[in-house]
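Peer 1: What follows is a structure written as structure tokens; I'll ask about it next.
In the numbering used here, the protein residues as written are 14 to 527.
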């Protein structure tokens, strides 16, 4: 087989000598192509389309002049020989081979579209302008809050020092938010409301409109992927008998130690990478002694620098898009919690730490409504010191539309006082704690728009007020995010009247009986 591989490589290098720099990669792919020989059918339609695609790609590679007819004919003659020599090679394998030869970027060849060779997903951030209020109402018409539409409400974090608003589950028909959460065994619930006090210069709100962004759905080329699969013979069904096929999603799995699973959702334009758990050698305990012995120790934990290096290596090795993301950050708070723990032997060290590559759109960061940055998340397994997952990998193509902006600074500060739109502030709480926030920065708030057709992912211009002084050693909230689209500020879920303060004053404690 080695002679066949070398002959194919020599012919490729005669066509384009620059391909020699990919010798190792090409050798491996050609070897797999020859060895696999799955039962697949390469019909004349695919063959004709492949010829045209190759010719087009060859002309694109030739710079500054177009490839000569002689060179093109030679290449087509070679590919014809190679194609029939390798029959019955799979269409998918041929597509992978051509992906390496042409441009170093993954291209999917569609036999139904002669000459087509396009990326499955858009590779660069782009924004297309639409008309005013092109996305319709930004909030649902039934006046249900965004948090409740997603199936969760917002209450207090109980047990780990509180710290403002944390997600808690509620029934879909609950109708209103509760400021109490179920007690956690071993912890005494504390009914505390957090009031956010702004200390900074007056807010300047001059814009009449804001540009809301909607991430484009259907950004993937599902038809092209389906066309490749249609050319394969599955034995029990003839995919060529179906028309207008679109691949919605698919999963791939690495069958090796420390292998991964890759889930691709083409309409959503997302990729998720997780563990193939069967091939990760985690301890298999059947008794308490084994379980205790396998617990991680403080000495096992990774430094922030080490975790980020592991994540960076993974991102580079798998060519994950980085151009739209900023410098990676550690988002775990285990060190703070460990420092607060009285009995250190009772502390359970996390099996993984999270590295965030913060998303930047139009030069601005993106936050969720909890005040945390949004971006590509890389999970680093502490036990094995390698990446165990990568999530929130998505295309960054958007549409933009103008919506009326909020120009009333008092309205912004009023909502800020309760901790945001859906923070569940309750002025009747037995204990009210003031939290100081500083001067805001402009950013985007990531939110979802729900309607009868489903949901849309929106980025709304917003002000992000950082927590200037934490009221507790562990305060999970880092910032308060207020959207600047006036429509969104008309719907809040405050849980009670707002106690507006011009400056920080001592907290008022109201007896429970009142």
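Cβ atoms here follow ideal geometry from the backbone N, Cα and C, with glycine treated the same way.
With distances taken from CA atoms, which of 474, 409, 277, 225 is nearest residue 380?
Peer 2: Among 474, 409, 277, 225, the Cα nearest to that of residue 380 belongs to 474.
Peer 1: Taking DSSP's pairing of strands, which residues face residue 393 in a bridge?
Peer 2: Answer is 366, 400, bridged to residue 393.
Peer 1: Between the alpha carbons of residue 15 and residue 34, how many angstroms are there, rounded?
Peer 2: So the alpha carbons of these two residues sit roughly 19 Å apart.
Peer 1: Provide the residue(s) that pair with residue 447 in DSSP beta bridges, ordered along the chain.
Peer 2: Beta-bridge pairing links residue 447 to 208.
Peer 1: Which whole-angstrom value describes the C-beta separation of residue 293 and residue 444, a residue pair presumed to lie in contact below a C-beta threshold of 8 Å?
Peer 2: Between residue 444 and residue 293 the Cβ distance is about 45 Å, and since that is not below 8 Å, they are no contact.
Peer 1: Go through its chain and collect everything with a Cβ distance to residue 388's Cβ below 8 Å, but skip five positions before and after it.
Peer 2: Closer than 8 Å at Cβ, skipping near neighbours: 338, 339, 369, 370, 371, 372, 379, 405.
Peer 1: Can you tell which of 141, 421, 289, 439 has its C-alpha closest to the C-alpha of residue 503?
Peer 2: Cα-wise, what sits closest to residue 503 is 421.
Peer 1: I want to know whether the region 216-231 touches the region 242-250 - three or more CB-CB distances under 8 Å.
Peer 2: Too few Cβ pairs lie closer than 8 Å, so no.
Peer 1: Considering residue 238, what are the terminal residues of the alpha helix (DSSP H) in which it resides?
Peer 2: Where residue 238 is concerned, the enclosing alpha helix (DSSP H) stretches over 235-243.
Peer 1: Could you pull the start and end residues of the beta strand (DSSP E) that residue 482 belongs to?
Peer 2: Note, residue 482: beta strand (DSSP E), 467-482.
Peer 1: What three-state label does DSSP hand residue 553 in the structure shown?
Peer 2: Residue coverage of the chain in this structure runs from 14 to 527, which leaves residue 553 outside it and unanswerable.
Peer 1: Can you give the Cα-Cα distance for residue 354 and residue 360, rounded to whole angstroms?
Peer 2: For residue 354 and residue 360, the distance between alpha carbons rounds to 7 Å.
Peer 1: Where do the ends of the alpha helix (DSSP H) carrying residue 306 lie?
Peer 2: That run of the alpha helix (DSSP H) goes 301-306.
Peer 1: Note down, in chain order, each residue of its chain lying with its Cβ closer than 7 Å to the Cβ of residue 493, except the 5 sequence neighbours on either side.
Peer 2: Taken in chain order, the residues that qualify are 209, 384, 429, 432, 433, 450, 478.
Peer 1: Can you list, in chain order, the residues of its chain with a C-beta nearer than 6 Å to that of residue 285? Leave out the 5 residues immediately preceding and following it.
Peer 2: Cβ neighbours of residue 285 beyond the five flanking positions: 276, 404.
Peer 1: Of all the options 480, 495, 491, which has the alpha carbon lying nearest to the alpha carbon of residue 460?
Peer 2: Closest option to residue 460, Cα to Cα, is 495.
Peer 1: Determine the burial state of residue 63: buried for a count of at least 16 other Cβ atoms within 10 Å of its Cβ, exposed for fewer.
Peer 2: Unreliable placement is indicated for residue 63, whose pLDDT of 46 sits below 50; the coordinate value is still reported in the next sentence. Answer is buried; the Cβ neighbour count reaches 16.
Peer 1: To the nearest angstrom, report how far apart residue 220 and residue 213 are at their CA atoms.
Peer 2: Their backbone Cα atoms lie some 20 Å apart in a straight line.
Peer 1: Taking buried to mean at least 16 other C-beta atoms within 10 Å of its own C-beta, is residue 263 buried or exposed?
Peer 2: Exposed, because fewer than 16 other Cβ atoms sit within 10 Å of the Cβ of residue 263.
Peer 1: Using the rule of at least 16 other Cβ atoms within 10 Å of the residue's Cβ for burial, across every protein chain shown, is residue 215 buried or exposed?
Peer 2: Exposed, because fewer than 16 other Cβ atoms sit within 10 Å of the Cβ of residue 215.
Peer 1: Let me check understanding here. Comparing Cα to Cα, which of 267, 268, 250, 239 lies closest to residue 261?
Peer 2: Here the closest residue by C-alpha is 239.
Peer 1: Throw me the rounded Cβ distance for the residue 396 and residue 364 pair, which I believe falls under 8 Å.
Peer 2: Yes, they are in contact, since the Cβ atoms of residue 396 and residue 364 sit about 6 Å apart, within 8 Å.
Peer 1: Quick check on the burial criterion: 16 or more other C-beta atoms within 10 angstroms. Buried or exposed for residue 374?
Peer 2: Residue 374 comes out buried.
Peer 1: So, for residue 145: in the same chain, excluding its five sequence neighbours on each side, which residues have a beta-carbon less than 7 Å away from its beta-carbon?
Peer 2: Closer than 7 Å at Cβ, skipping near neighbours: 414, 415.
Peer 1: Looking at residue 535: is its Cβ nearer than 7 Å to the Cβ of residue 259?
Peer 2: Nothing about residue 535 can be read from this structure; the chain reaches only from 14 to 527.
Peer 1: Identify, in the order they occur along the chain, each residue of the same chain with its Cβ nearer than 8 Å to the Cβ of residue 4, setting aside the five sequence neighbours on each side.
Peer 2: Nothing can be reported for residue 4, as the shown portion of the chain is limited to 14 through 527.
Peer 1: Where does residue 453 land, buried or exposed, given buried means 16+ other C-beta within 10 angstroms?
Peer 2: Residue 453 comes out buried.
Peer 1: Provide the residue span of the beta strand (DSSP E) that contains residue 140, from first to last.
Peer 2: Element bounds for residue 140: 139-142.
Peer 1: Please report the distance separating the alpha-carbon of residue 23 from that of residue 332.
Peer 2: Rounded to the nearest angstrom, the two C-alpha atoms are 28 Å apart.
Peer 1: Locate the alpha helix (DSSP H) running through residue 500, then write down its first and last residues.
Peer 2: Element bounds for residue 500: 499-502.
Peer 1: Near residue 325, what residues of its chain come up, given a Cβ to Cβ distance below 8 Å and the 5 sequence neighbours on each side ignored?
Peer 2: Same-chain partners within the cutoff: 341.
Peer 1: Quick one: Cα of residue 84 to Cα of residue 328, how far?
Peer 2: Bear in mind that a pLDDT of 48 at residue 84, under 50, signals an unreliable position, so the number given afterwards is only what the model happens to contain. The alpha-carbon atoms of residue 84 and residue 328 are separated by roughly 38 Å.
Peer 1: Excluding the 5 residues preceding and the 5 following residue 393 in the sequence, name in chain order all residues of the same chain whose CB lies nearer than 8 Å to its CB.
Peer 2: 315, 320, 323, 324, 365, 366, 367, 368, 399, 400, 401, listed in sequence order.
Peer 1: What is the C-beta distance between residue 382 and residue 343, in whole angstroms, given that I count them as a contact (C-beta under 8 Å)?
Peer 2: Not quite, the Cβ-Cβ distance comes to about 22 Å (not below 8 Å), so this is no contact.
Peer 1: Can the beta-carbon of residue 309 be found less than 7 Å from the beta-carbon of residue 362?
Peer 2: Yes, these two residues count as a Cβ contact at 7 Å.
Peer 1: Tell me the DSSP secondary structure of residue 262 in three-state form.
Peer 2: Residue 262 falls in the strand class under three-state DSSP.
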